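Below is one structure; the comments refer to it alone.
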Amino acid sequence: MTATSGHAYAHPSNMFWKLLHNSGCTDVRLRPEQDVDLPRLYSMGNTNIVARPSKDAAELSKVESAAGTPILEEKIRKCRPEAVCIVGKGIWESIWRWRYGRSIKKEEFHYGWQGDEQRMGRTDDWAGAHVFVATATSGLAANLKPPEKEAIWKPFGGWVKMRREERSSEKTAEDGSVGT
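In C-alpha cells form, the structure reads like this:
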C-alpha cells in the first residue's frame, strides 16, 4: 500500500502513525499522506534502507538490506540529526551485519537506545546520531502486542518531546522574550 499510495507506512494495519503519536513524537496523529510534513512540523525525516517497496522487512534479503546501510549512513552524515530511530529489529540486524560482518547475537540485541559506539553517520568532526531501535510497525509484525510496542516506543517519544521543549526554551531565551 505504501508503494501504491506513495506515502510511508500507508497500510491501515500499520501502527507507525499511531505509535509516533502515542509515544509523544507528534502532538496529533498524522495520516500517511502527511509524511511530507514531518520535517516542517516536527523536524523529523523518514527514509528507507532499501529503495524498493516491500510489505515488510522479511521481504528484503539480508544482502539487500545490508547493502543499504552505507547509503543510510551517508544520508545521516549529510543531515546530521541528533538521533535516528531504526524501525524494526530486522533493519537493525541488517545494519549490524554490514558493520560487523556477522549476525547480531541474541544477548547483543535490545530495543531502545543503543550505546555511543553504535552512533550512525560519524565523521571526523561529528560524533554521529544517537540510535534508538524501535519495533517494526507493520500489521504483519505480530510478535509483540500493541501495548508492548507502545512501551518500547515511549522512551524515544519522551526524548523527542523533551528536546523539542528544550529547543523551544532556548529559542525563547535567544529572542529575549523571557526575563526582560
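Numbering (the numbering used here), first residue to last: -16 to 163. We put the beta carbon where it would ideally sit given N, CA and C, even for glycine. Since we're looking at a predicted model, the values are computed, not measured.
| Item | Value |
| --- | --- |
| Separation of aspartate 107 from serine 121, as counted between CA atoms | 36 angstroms |
| Euclidean distance between Cα positions of leucine 21 and glutamate 42 | 26 angstroms |
| Pick from Gly(-11), Asn31 and Glu131 that is closest to glycine 73, judged by C-alpha positions | Asn31 |
| Cβ pair count under 8 angstroms reaching 3, the region 126 to 137 against the region 84 to 92 | no |
| Cβ separation of valine 116 and glycine 95, assumed to be a contact under 8 angstroms, to the nearest whole Å | 7 angstroms |
| Rounded separation between alanine 119 and glycine 159 - CA only | 43 angstroms |
| Reference glycine 51, options Trp75, Glu16 and Arg23, closest by Cα | Trp75 |
| Backbone secondary structure at threonine 120 - three-state DSSP | coil |
| Residue of Pro(-5), His4, Ala(-7) and Ala112 minimising C-alpha distance to lysine 144 | His4 |
| Coarse secondary structure for alanine -7, derived from DSSP in three states | coil |
| Valine 11 to leucine 55 span [Cα, whole Å] | 28 angstroms |
| Pairwise C-alpha distance: proline 130 and alanine 110 | 33 angstroms |
| Neighbourhood of lysine 132 by C-beta, 7 angstroms cutoff - its chain only, sequence neighbours within 5 removed | Met(-2), Leu2 and Thr118 |
| Ordered list of alpha helix (DSSP H) runs contained in the region 3 to 82, each at least 4 residues | 21 to 25, 45 to 50 and 52 to 62 |
| Own chain residues within Cβ distance below 7 angstroms of methionine 103, not counting five before or after | Glu56, Ile59, Val67, Gly111, Ala112 and Val114 |
| Sequence-distant residues of its chain with Cβ nearer than 6 angstroms to cysteine 8 (five each side left out) | Gly140 and Val143 |
| Proximity of glutamate 164 and alanine -7 at Cβ, strictly below 9 angstroms | Residue 164 lies beyond the range of the chain shown here (-16 to 163); nothing can be said about it. |
| Cα-Cα separation, leucine 24 to valine 46 | 35 angstroms |
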